[in-house]
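Okay, so here's the structure we're looking at.
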Amino acid sequence: MGDLTNRPFALSLWPFLCLLVIYPISLVIYRLFFHPLAKFPGPKIAASTKWFEFYYDVVKQPGGQFFQELNRMHDGPIVRPNPDEIHIRDPAFFEILYAPNPTIRHKYPPASEMAGVPLGTQGTVDHHVHKHRRMANARMFSKRAVASAQGLIHEHIKELLGIFEAHCGTDKPLELQTVLLAYTTDIVYDYMFDIETDYQRNAKASQSWKRSIDAIAQATPFSKQVPWLNKRLLMLPHWFTHFLVMRIQPDVAGLLGVHRHVGEIVAAYVKRRDSEHKSGMNNDKDENIRPKSIFHSIDQSSLPPHEKSPLRMEQEAITVLAAGSETTARVLAHTIFHLLQNPDILAKVKEELFNAIGDSGQLPDVKVLENLPWLTACLRESLRLRAAITSRLPLVLEKDMPYKEWIIPARTPISMCIPDILHNDDIFPEAMKFRPDRWFNATEQQNRMFVPFGKGTRMCIGLEFAYVEMYMSLTSLLTRFDFELYDTNWERDVRFSRDCFIGEATPESAGIRVKVLADTKKLKI
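Letter by letter, the sequence shown follows residues 1 to 525 in the UniProt record's numbering.
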């Protein structure tokens, strides 16, 4: 009797069970034989399912390992790394894919959603919307605006030098990236948001912020596979998201706190702006060099009203904070590592810097520093070796794209990787060696293929600002202090072994650590 009662229910499950079996089989058959990309080279398992990439990025330890598998896939310059994407490894094609205006290049939506801030310029999918959002930010990043920020950066360098001075002669090592991240974060808040923060003065806060950044990086391989997750999490109430994250990954809670803080900054700005409008004030439209903040820049632009909403401003601010703090701090730390590993090069850089400072003991203007050959060459070489963005950067074209004997269908995400260019031995002989002297007689191709900030319409808008920060802080540290490395090596602590959008060192790394041996007192700041 019980069997008869349950039979209708059991029969009703059959269509769903059949669907669960038939659908994935049909999908694999379609992807392997009938998909527009079916004829392109690559492993059949990668073409049939995205779970292949998921395994290498999420399951295989230490995570972020699909880049290694992608290297093995490339018998030739073109490969299909997953069912929907084409990846190309050919320096000549880089300038075609990442071409400047007026070429139209849309961002691949999953890549846009990964960080959870699709309303920020960096996360914008549509080419035309991205162009207008980027233009709205441009006044903050012009050469003139950035040059005007030297005084602001100078004040933060004083704080930075104070930290190193406190550790001088103590035999206590400093983890460079934590200290430098606090420095770059304070600068971003000050320059971009017109807000003063105290990460440099608060060691606990700076360490928490560094742990949050590291936790997000470690979670990025998973986020790449489920790109919708971050966006959904950020849409939930703050208290619920915080409760959830504290149970899963406590260090990420610090980043949620930053999101909340940025939201409060935007809310305060909007309230002040609306009040000024009512009273007839002009919201600083008479500024000659640069707006007071990224929010002023957006407000003063020709963007339509819905592009000036608090939510979009918040996401733009988060984008600027993430892009402008971590990568610059990392490049600075790596540059110091390479110089300490090469004392003969360090001696030449210091001699050059002391000559530039002269008897005044004052930090020279950035225009002077930019013309110092050894300093500039070392920064360029560190940027080349660092290759900050290690992930694939897929773009979508509206028309078919010819590549050699292939025709890549329109709307197909096409990706390349910056390290494939910067670490190419054919372009940069002995590419994995720190050889700053290569830039003294660089070829036209080497200069053209120096792309640490990307290229084309999606190129990093903040590169001028990053250069000013790096020139000023590196000069200050190298002329003021003598350092030595502490328990730090290339393989464990510097070379990237995990693709977490940015390249991460091994999980065993404790960072790039130094001891401050002496204070030269040669820089008066």
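All C-beta atoms, glycine included, are put in the ideal place defined by N, C-alpha and C.
Between the alpha carbons of residue 319 and residue 388 lies a distance of about 16 angstroms. A straight-line Cα-Cα distance of about 34 angstroms links residue 129 and residue 381.
The C-alpha of residue 196 is placed about 20 angstroms away from the C-alpha of residue 298.
Relative to the Cα of residue 501, the nearest Cα in the group 123, 152, 218 and 92 belongs to 218.
Residue state for residue 334 is assigned as helix, using DSSP reduced to three classes. Taken atom to atom, the span from the alpha-carbon of residue 64 to that of residue 511 is near 18 angstroms. Residue 500 sits in a strand when the DSSP states are folded into three classes.
Nearest C-alpha to residue 486 among 86, 96, 172 and 62: 172. Of the candidates 255, 16 and 91, the residue whose Cα lies closest to the Cα of residue 424 is 91. Within the DSSP secondary-structure output, residue 243 pairs in no beta bridge.
Shown here, residue 202 sits in coil according to DSSP, grouped into three states, outside any helix or strand. For residue 87, the enclosing beta strand (DSSP E) covers residues 85–88.
The Cβ atoms of residue 145 and residue 290 sit closer than 8 angstroms to each other. For residue 494, the number of other beta carbons within 10 angstroms of its own is at least 16, and it is reported as buried.
Cβ-Cβ distances below 7 angstroms link residue 153 to 187, 468, 469 and 472 in the same chain, with the five nearest sequence neighbours on each side left out; the list follows chain order. Ranking 453, 124 and 506 by CA distance to the CA of residue 327 puts 453 first.
Following the DSSP letters along the chain, one finds residue 515 inside the beta strand (DSSP E) bounded by residues 513–519. If you draw a straight line from the Cα of residue 427 to the Cα of residue 496, it is about 20 angstroms long.
DSSP places residue 484 in the uninterrupted beta strand (DSSP E) bounded by 481–485. Between residue 403 and residue 78, the CB-CB gap stays under 8 angstroms.
It is roughly 31 angstroms from the alpha-carbon of residue 440 to the alpha-carbon of residue 517. Under the three-state reduction of DSSP output, residue 405 falls in the coil class, being neither helix nor strand.
Taking each of 201, 514, 524 and 132 in turn and checking the Cα distance to residue 308, the smallest one comes out for 132.
In the DSSP assignment, residue 157 falls outside any beta strand (DSSP E) and lies within the alpha helix (DSSP H) extending over 150–167. Residue environment for residue 137: buried (at least 16 other C-beta atoms within 10 angstroms of its C-beta). Comparing C-alpha distances from residue 266 to each of 312, 230 and 303 shows the shortest one belongs to 312. Ranked by Cα distance from residue 525, the options 159, 445 and 20 are led by 159.
Rounded to the nearest angstrom, the Cβ distance from residue 409 to residue 15 is 34 angstroms, too far for a contact under 8 angstroms.
DSSP, read as helix, strand or coil, puts residue 301 in coil. In the displayed model, residue 266 falls within a helix according to three-state DSSP.
Taking C-beta atoms as the reference points, residue 340 and residue 483 count as a pair closer than 8 angstroms. For residue 291, the secondary structure class from DSSP, reduced to helix, strand or coil, is coil. Fewer than three pairs of CB atoms, one per stretch, sit closer than 8 angstroms, so the stretch 442–456 makes no contact with the stretch 334–352. When only Cα atoms are considered, residue 488 and residue 250 end up about 27 angstroms apart. Beta-bridge partners of residue 175 (DSSP): 513. Note on geometry: alpha-carbon atoms of residue 398 and residue 84 lie some 15 angstroms from one another.
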